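Structure first, then comments.
Protein chains: 2
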Amino acid sequence: MSSAVKTIALLSHFSPARPEIGLSELCRLAGRDKASTHRYLQALEVTGFVEQNPLTKCYRLGPVVLQLAQTRELTVPRKAAADAVISRLAEVTGETTHVSVLSGATVYPLASCESYKHSTRVIIDVQTFPLHATASGICALAFGPKELLASASENMQAFTADTPTTIMALERAVQSARETGFGRSDRWYEDDVCSLSAPIFDQTGQFAGAVSVASVATRFTAELDRSIQWHLAEASREISRNWGGEIPETVNYLWDKSTQKQNIMEHSS
Amino acid sequence: MSSAVKTIALLSHFSPARPEIGLSELCRLAGRDKASTHRYLQALEVTGFVEQNPLTKCYRLGPVVLQLAQTRELTVPRKAAADAVISRLAEVTGETTHVSVLSGATVYPLASCESYKHSTRVIIDVQTFPLHATASGICALAFGPKELLASASENMQAFTADTPTTIMALERAVQSARETGFGRSDRWYEDDVCSLSAPIFDQTGQFAGAVSVASVATRFTAELDRSIQWHLAEASREISRNWGGEIPETVNYLWDKSTQKQNIMEHSS
DNA sequence: CCGCATTGGTTCATATTGTGAACCGATAGT
DNA sequence: ACTATCGGTTCACAATATGAACCAATGCGG
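If you read the sequences in order, they're chains G and Z.
Using our numbering, read the first sequence as starting at 44 and increasing by one per residue.
Using our numbering, read the second sequence as starting at 44 and increasing by one per residue.
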């Protein structure tokens, strides 16, 4: 691994939950010695990626990240387009919603929105969505480039008792997503969290990301499941359109079928 | 220089004006060979800092920068606080306004706002504000840590025919800023651009950044100058308050004096 | 259709750079 | 006064970065 990657990797330890980190603490988090970590931090400091709180000596993210984000958003204005959609999605479903994007072999969070309908709700605070254990990840495997499966199977960490840890279990989940048009994670990544995801497609016609609803497992009824599916399909259609893409007919067919089935069920009930 | 710094430095070549860059082009911009540049880019790609446009093979900023920016903004929510103020400032002055922050020995842009009052206006598209040639930089030298002067005098590049390039000229500018409470740049960085800056102070009582108005030189009259000074002082007071700081009495006194002098002039006119 | 230029990307012997245990001085709690 | 922690530095040793030369692919003018 290049030293540049090791240096840059330090940045991933900063998060809203842990925005300021001292040298020793960062050593522990990164699993490295003080000398190296300090050198890395100096490299990040001269480039403006971190700055040191002069009072506490702790490090925090620096101002250049704001510049870069602005350029990224002007280049690929995906966040702004997704924000409004997931906000509405959170409102109608009453659950936490989020959008993730695929870059290389990794699914990154792009934006999230919490609903205030319930006093308990899911908080999205992850750096990357594991391919094998999250609804977004399953979506990526089912509708994204097929090389992803290799990456996914390399590291199938068990986050909960239910996380799929065998290739067979993973392939079953992926197959199910391809048949329904939705990724699904039932207490696979966090206890008590059920998630549903719909794939998003961009101007190249490729899988570009996923829009998801994360619900507290205890209130995730079959009815809510159906409702979320319908709204997810709508949300994905809208975001895909905003990103310059459109839903492939094969996927559209799956969603329509799923919706029709629901209508039938609703009529018969 | 560490390889990490060299790697990270590649990111600074991405800007709204040049959001996607090919390998060869980046080699030229960075002044390095293809092999190294390619290795750097791979490091940036695996960490999600850049991604490759699959069609053009060009590289562009990746999604992680958005994550980092979000964390930064939650940690140090300076941009949001400044945005509203510079927007109003742009409206009342009719000129382009911006806010910069000091991190280490570098002044970075944080936010900018263009006025639509005139058909010609200044566009802010810089990565860093040179200490010796911009109003923000002079502010930093005049009111920031005194070590900055050494950094500034190390590289006094002449951007225009009027850029101060001697220590003496620079010290004169800094002295003037200390006496008036405003940084000033009269066609020092770009031809036809006059800028005025007021220092911003944060919760530690230290200089934290500057708020500036950049005007097209040909319409920069003495009257506009006075008007901008008054509004800048107000803007700085407000942003400093938002950032948890307050204006030192010494600076407040300078601004008040400046305003009073203006009143006297207005009365006598 | 050919030749020339340019693209993104790779190889490998060489030389620079990264590494981390041990260390220092400062601070804080017992 | 003792101990533990903090941020930060040193230096012999080991790994990593470097870049000229090299492919293969693409585009373009004649």
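Note that the Cβ used here is the ideal one computed from N, Cα and C, for glycine as well.
Being a predicted model, the structure only gives us computed values, none of them experimental.
**Request:** Using DSSP bridges, identify the partner residues of residue 144 (chain G).
**Result:** Beta-bridge annotation (DSSP): residue 144 (chain G) is paired with G:151, G:252.
**Asked** If you compare alpha carbons, which of Z:299, Z:271, Z:243 is closest to residue 282 (chain Z)?
**Response** For the residues Z:299, Z:271, Z:243, the minimum Cα distance to residue 282 (chain Z) belongs to Z:243.
**DSSP-derived helix/strand/coil call for residue 90 (chain G)** = Looking at residue 90 (chain G) - three-state DSSP - the assignment turns out to be coil, as it is neither helix nor strand.
**Asked** Whose Cβ in chain Z lies nearer than 7 Å to the Cβ of residue 83 (chain G)?
**Response** Chain-ordered, the chain Z residues with CB closer than 7 Å to the CB of residue 83 (chain G) read 47.
**C-beta neighbour in chain Z for residue 167 (chain G), strict 7 Å** = Not flagged as an interface residue toward chain Z: residue 167 (chain G), since no C-beta distance is shorter than 7 Å.
**Request:** Let me know the alpha helix (DSSP H) ranges lying completely inside the region 209-265 of chain G, each 4 residues or longer, listed in chain order.
**Result:** Within the region 209-265 of chain G, the alpha helix (DSSP H) runs of at least 4 residues that lie entirely inside it are, in chain order, 210-223.
**Request:** Give a yes or no on whether 7 Å exceeds the smallest Cβ distance from residue 59 (chain G) to chain Z.
**Result:** Between residue 59 (chain G) and chain Z, the shortest Cβ-Cβ separation is below 7 Å.
**Message:** Using CA atoms only, rank isn't needed, just tell me which of G:165, G:197, G:140, G:163 is closest to residue 149 (chain G).
**Reply:** Per the Cα distances, G:197.
**Message:** To be precise: take each residue of the region 88-103 of chain Z, compare its Cβ to all Cβ atoms of chain G, and keep it if any distance is under 8 Å. Which residues remain?
**Reply:** Interface annotation for the region 88-103 of chain Z against chain G: 88, 89, 90, 91, 92, 94, 97, 98, 103, criterion Cβ-Cβ distance under 8 Å.
**Item:** Local conformation of residue 139 (chain G) per DSSP, three classes
**Value:** Strand at residue 139 (chain G).
**Asked** How would you call residue 233 (chain G), buried or exposed, if buried means at least 16 neighbouring beta carbons within 10 angstroms?
**Response** It is buried - the Cβ of residue 233 (chain G) has at least 16 other Cβ atoms within 10 Å.
**Request:** Would you decide whether residue 113 (chain G) is buried or exposed? Buried here means 16 or more other CB atoms lie within 10 Å of its CB.
**Result:** The residue in question, residue 113 (chain G), is buried, as its Cβ has 16 or more Cβ neighbours within 10 Å.
**Request:** Whole angstroms is fine: what's the gap from residue 276 (chain G)'s alpha carbon to residue 241 (chain G)'s?
**Result:** Approximately 6 Å, taken between the alpha carbons.
**Message:** Pop quiz: residue 64 (chain Z) and residue 101 (chain Z) are said to be a contact at Cβ under 8 Å. What is the actual Cβ separation, rounded to whole angstroms?
**Reply:** Sure, about 6 Å apart at Cβ, within 8 Å.
**Endpoints, beta strand (DSSP E) assigned at residue 104 (chain G)** = According to the DSSP assignment, residue 104 (chain G) belongs to the beta strand (DSSP E) that extends over 102-104.
**Message:** Tell me which residues of the region 120-147 of chain G have at least one Cβ-Cβ distance to chain Z shorter than 7 Å, keeping chain order.
**Reply:** For the region 120-147 of chain G, the beta-carbon criterion of a distance under 7 Å to any beta-carbon of chain Z is satisfied by 122, 144, 146, 147.
**Request:** Locate the alpha helix (DSSP H) running through residue 115 (chain Z), then write down its first and last residues.
**Result:** Per DSSP, residue 115 (chain Z) belongs to the alpha helix (DSSP H) from 107-118.
**Prompt:** Bridge partners of residue 170 (chain Z), per DSSP?
**Reply:** DSSP output for residue 170 (chain Z) lists no bridge partner at all.
**Asked** For residue 61 (chain Z), which three-state DSSP category applies?
**Response** Strand.
**Request:** Please list the partners that residue 291 (chain Z) has in chain G, where partner means a Cβ-to-Cβ separation under 8 Å.
**Result:** Near residue 291 (chain Z) there are no residues of chain G at all, since even the closest Cβ is about 17 Å away, more than 8 Å.
**Message:** Counting only C-beta atoms, is residue 288 (chain Z) closer than 7 Å to chain G at any point?
**Reply:** By this cut-off, residue 288 (chain Z) is not an interface position.
**Asked** From residue 77 (chain Z) to residue 54 (chain Z), what does the alpha carbon distance come to, in whole angstroms?
**Response** Taking the straight line joining both Cα atoms gives about 16 Å.
**Request:** Please go through the same chain and pick out, in chain order, the residues whose beta-carbon is closer than 7 Å to the beta-carbon of residue 163 (chain Z), but skip the five residues on each side of it.
**Result:** Non-local beta-carbon contacts of residue 163 (chain Z) in its own chain, meaning distances under 7 Å to residues more than five positions away in sequence, involve 259 in chain order.
**Prompt:** Fully enclosed by the region 271-299 of chain Z, which beta strand (DSSP E) runs are 3 residues long or longer?
**Reply:** DSSP runs (the beta strand (DSSP E)) wholly in the region 271-299 of chain Z: none.
**Prompt:** Would residue 132 (chain G) be called buried (16 or more neighbouring beta carbons within 10 Å of its own) or exposed?
**Reply:** In this structure residue 132 (chain G) is buried. Its beta-carbon is surrounded by 16 or more other beta-carbon atoms within 10 angstroms.
**Message:** Using 7 Å as the threshold, is the C-beta distance between residue 182 (chain Z) and residue 248 (chain Z) below it?
**Reply:** No Cβ-Cβ contact shorter than 7 Å links residue 182 (chain Z) with residue 248 (chain Z).
**Request:** Using alpha carbons as the reference points, say which of G:301, G:236, G:187, G:45 lies closest to residue 245 (chain G).
**Result:** Nearest option by C-alpha distance: G:187.
**CA nearest to the CA of residue 195 (chain G), picked from G:205, G:94, G:217** = Of the candidates G:205, G:94, G:217, G:217 places its Cα closest to the Cα of residue 195 (chain G).
**Prompt:** Got a sec, what are the start and stop residues for the alpha helix (DSSP H) residue 67 (chain Z) sits in?
**Reply:** That run of the alpha helix (DSSP H) goes 66-73.
**Prompt:** Name the chain G residues whose beta carbon is nearer than 8 Å to that of residue 222 (chain Z)?
**Reply:** Within 8 Å Cβ-Cβ: nothing; residue 222 (chain Z) doesn't reach chain G, min ~27 Å.
**Prompt:** Any idea if residue 200 (chain Z) is buried or exposed, counting beta-carbon neighbours within 10 angstroms, 16 or more meaning buried?
**Reply:** Flag for residue 200 (chain Z) reads exposed.
**Message:** Please report the straight-line C-alpha distance between residue 208 (chain G) and residue 185 (chain G), rounded to a whole angstrom.
**Reply:** Whole-angstrom Cα-Cα distance: 17 Å.
**Item:** residue 85 (chain Z), DSSP secondary structure in three states
**Value:** Helix, per DSSP.
**Request:** Using the DSSP secondary-structure output, state which residues sit across from residue 200 (chain G) in a beta bridge.
**Result:** DSSP, once it has assigned bridges, lists no residue as partnering residue 200 (chain G).
**Message:** Less than 7 Å between C-beta atoms, sequence neighbours within five positions excluded: which residues of the same chain meet that for residue 251 (chain G)?
**Reply:** So the list reads 144, 145, 243, 244, 245, 286, 288, once near-sequence residues are dropped.
**Asked** Whose Cβ in chain Z lies nearer than 7 Å to the Cβ of residue 151 (chain G)?
**Response** Those within 7 Å of residue 151 (chain G) in chain Z are 91, 106, 107, 110.
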